[in-house]
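> Handing you a structure now.
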Amino acid sequence: MSTLLIKGGTVVGVAGAIAADVLVDGETIAAVTEPGRISSADRVLDATGRFVIPGGIDVHTHMRLPFGGTFASDTFETGTRAAAFGGTTTIIDFAVQRTGEVVQDGLAAWHALADGECFIDYGFHMILGGVDEDALKAMDQLVADEGVTSFKLFMAYPGVFYSDDGQILRAMQRARGNGAMIMMHAENGIAIDVLVQQALARGETDPVYHGLTRPPELEAEATHRAIVLAGVARDCPLYFVHLSASEALEHVAAARDAGRNVFAETCPQYLYLTLEDQLGAPGFEGAKWVASPPLRSRHEPHRADLWKGLRANDLAVVSTDHCPFCMKEQKELGLGDFSRIPNGIGTVEHRVDLLYQGVVEGKLSLQRWVETIATTPARMFGLYPRKGVIAPGSDADIVLYDPQGHTRIGAATHHMNLDHSAWEGFEIAGRVDTVVSRGDVIVDGTGLHATKGRGRYLRRGLSSYLL
């Protein structure tokens, strides 16, 4: 096995930032030492002036997700390549089971999509679109045999992925028994459908009405209801995906203050973008930013509250909900009817940078940046300490980040399979310099140095946070 020495950098972890050198032997970290203690290796990377951080872990992506009569535009090949350029070395994607389908068949289908295609390591959550007795039994089997230890349910999208309260409760009870995490898309889909039909009947068809028919109150109501159901299920582990609204965050914070097994993530789009500035763009332009939950109003305190939630750990993780659709022939399916616009934004390449900008602006500490993009995701979803930390014995997934660099985001330079950028023109006061995945330098200033198929499937354990 070859050795790699990363010298002269500042290693950042949850305990702080220290000047240290990192020695990699093969695919794992062999030592973290005081500077200069190790003098040679097969390859040396000079990290002077760089932060040396664990590779990013994006626990919420949707490669090739079927939605609204089309498929997310990124494949596992293009999506993981883009992730690598952005400093993410692990993703957890969502395999899909729809009503009437066999859970294990859905998982097998996603393995077929990903096998031999990924540039970085990957795992799977399981979407349960049809909770019945067979699906409940499958939950036990996936936890025990497949390394799939988290299951996503939807309180939105009636007729597609929606689960009623009885189905949710049964799945939560099963998860309480086998240790799995229930992931929840919390919006009151039944009420939203009423508002959507009323808006269309009034001739309100532009993309902005996607946001106006999914008000924050209906995210908050569903969030509270899910917390109550999880309590009935003996405090089933519950993780809210893509939390966007202040009112929903209040329910999560109250549950956490009470010592409950309740966790939540948010996404960059909810930290930076708004209903008025993006979703409400003239004409059909706002379709680029149609996602669920929707972008929230700049006239309400959602963004500031989400940053505060990240600092206070009421929001534990920042993921992307990466689910890109091109404007041409995909988002355009909703011309004249916002309800037909495929829901999703492409961000997998930009999460590490966008969250670092929060450090620059004084909204997050350096340590909290690393926690929310790498360490906590690993702990939350059964990958720690293999992933998410720079320590002896851990996988050598390492990013050299240049705080003196500069990144300008745009469709002309991104690597996602997407004909536009939701982040066009955003300026980041930092730059991903070098990306190491399991000891291999896969991205540096000269480009990509990896082949598809090198990424490995990760069988995950249970969450480190469960009570």
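Numbering-wise (the working numbering), the sequence shown opens with residue 398 and increments by one.
Ideal Cβ placement from N, Cα and C applies to all residues, glycine included.
Model, not experiment: these values are computed from the prediction.
1) What do you reckon, is the C-beta of L533 under 6 Å from a heavy atom of the ligand GDP?
2) Taking I415 as part of the alpha helix (DSSP H), name the residues at either end of that continuous run.
3) With a 10 Å radius around its C-beta and 16 neighbouring C-beta atoms as the bar for buried, classify S818 as buried or exposed.
4) Using 8 Å as the threshold, is the stretch 791–799 in touch with the stretch 825–840, meaning 3 or more CB pairs across them?
5) Measure how close the beta-carbons of R851 and F516 come, nearest whole angstrom, since I'm counting them as under 8 Å.
6) Please list, in chain order, all residues of the same chain as I524 whose beta carbon is under 7 Å from its beta carbon, the five residues on each side excluded.
7) Just the Cα atoms here: how many angstroms apart are D422 and S399?
8) Taking the alpha helix (DSSP H) that G574 belongs to, which residues open and close that run?
9) Any chance the stretch 742–752 sits against the stretch 465–479, with 3 or more Cβ pairs inside 8 Å?
10) Out of A428, W686, T671, state which residue places its alpha-carbon closest to the alpha-carbon of H696.
11) State yes or no: is the C-beta of L402 within less than 7 Å of the C-beta of V441?
12) If you draw a straight line from the alpha carbon of P800 to that of V756, how long is it in whole angstroms?
13) With burial defined as no fewer than 16 other Cβ atoms inside 10 Å of the residue's Cβ, what is the status of Q727: buried or exposed?
14) Let's see if you can read the secondary structure: which residues bound the alpha helix (DSSP H) around T744?
15) Nearest to P679 by alpha carbon, out of M724, R631, E614, P604?
16) Going by Cα to Cα distance, which pick from T475, M569, P665, A417 is closest to L707?
17) Reducing DSSP to helix, strand and coil, say where Q801 ends up.
18) Mark G556 as exposed unless 16 or more other C-beta atoms lie within 10 angstroms of its C-beta, in which case mark it buried.
19) Just checking my contact of A847 with A481 at CB under 8 Å: how many whole Å lie between their CB atoms?
20) Quick check: the Cα distance between A596 and F735, rounded to an integer number of angstroms?
21) Less than 7 Å between C-beta atoms, sequence neighbours within five positions excluded: which residues of the same chain meet that for T610?
22) Run through the DSSP bridge pairs and tell me what Y636 is partnered with.
Concretely, from the data shown:
1) You won't find the ligand GDP in this model; it holds no ligand whatsoever.
2) From DSSP, I415 is part of no alpha helix (DSSP H) but of the beta strand (DSSP E) over 413–422.
3) buried
4) yes
5) 6 Å
6) F491, A492, V493, Q494, K549, F558
7) 6 Å
8) 562–575
9) yes
10) T671
11) yes
12) 10 Å
13) buried
14) Note, T744: premise wrong, no alpha helix (DSSP H); not H, not E.
15) P604
16) P665
17) coil
18) exposed
19) 7 Å
20) 10 Å
21) I589, L592, V593, A596
22) M580, F660
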